[in-house]
Each structure stands twice: as structure tokens, then as C-alpha cells.
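Worksheet: one structure, shown below.
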Amino acid sequence: MKMTDYVREWDNDNRLWVYEHRTVIENYLGRSLYSDEHIHHIDENPKNNSLSNLDIVSKSEHCRIHKPALKNRLCSIENCDVKHHSKGYCKKHYARMFRKGQGW
Ligand SMILES: [Zn+2]
Ligand SMILES: [Zn+2]
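Set out below in C-alpha cells:
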């Protein structure tokens, strides 16, 4: 999931991006989230920031939730059956995409 999929607002006072899903949880908890507290979107839709769709998970737990599907994936380039290396691409295509700076 790309960070740009999240709903965010520029906080001019603190000079940083504020993510709506973090604000929703922080308002609910009445405190700030720690940096290792990640918010998982239960329906995997990053734009659905209703409280019932948000789950507080640790950083490592969050990685685990998102990883399994990717682990045995093949490259997402059409007609490329090479096992995925990173971000859903095989080594060759990942290097190519990364150089071009496309996709994320
Ligand atoms: Zn998540
Ligand atoms: Zn490939």
C-alpha cells in the first residue's frame, strides 16, 4: 500500500503531514499515538477512516498482516512469471521501475 493512498492533511503549525486515520484514533483515545503504533484499515480501504474500520497494531504485526499475500506472489508485470522480489515486482522489473521513479 502506498502512503499516498491515505487521506492526509498538511499541518502548517507542526510542518508535517497528518493522517486522517491517525487523527480519528487519537481523538478516540484522547492521546497521541506512539510511532510504533500503526493503524490498520480492516477492509484494506485506506480512505475508509471510520472508527470501526481502524485497528491499532504494532509495527511488526502490521507488516505481518500485509506480507503473506505478497510473499508467494509473482511479478505484477504482465507476462512476467518471475517470483516477486520487492513491491510486487521481480528483481529486473523492480530495478527498472525504481530507476524510472514510477509507481510510488
Ligand atoms: Zn494495514
Ligand atoms: Zn518481472
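The letter at position 9 of the sequence shown is residue 12 when you use the working numbering, and the numbering goes up by one with no holes.
We put the beta carbon where it would ideally sit given N, CA and C, even for glycine.
*Roughly how many angstroms separate the alpha carbons of Trp-107 and Val-10, rounded to a whole number?*
Note on Trp-107: pLDDT 48, under 50, position unreliable in the model; the coordinate value appears next. The alpha-carbon atoms of Trp-107 and Val-10 are separated by roughly 16 Å.
*asked:* Taking contact to mean 3 or more Cβ pairs, one atom from each stretch, closer than 8 Å, check whether the stretch 52-64 and the stretch 74-86 are in contact.
replied: Proximity of the stretch 52-64 to the stretch 74-86 falls short of the contact definition, fewer than three beta-carbon pairs being nearer than 8 Å.
*Heavy atom of ligand 1 less than 6 Å from the Cβ of His-43, yes or no?*
yes
*DSSP-derived helix/strand/coil call for Trp-107*: Any reading at Trp-107 is ruled out, since the residue's pLDDT is 48, under 50, leaving its predicted position unreliable.
*asked:* By the DSSP assignment, the alpha helix (DSSP H) with Tyr-31 in it spans what residues?
replied: 23-32
*Around ligand 2, Cβ to any heavy atom closer than 7 Å, ordered along the chain*: Cys-78, Ile-80, Cys-83, Val-85, Tyr-92, Cys-93, Lys-95, His-96
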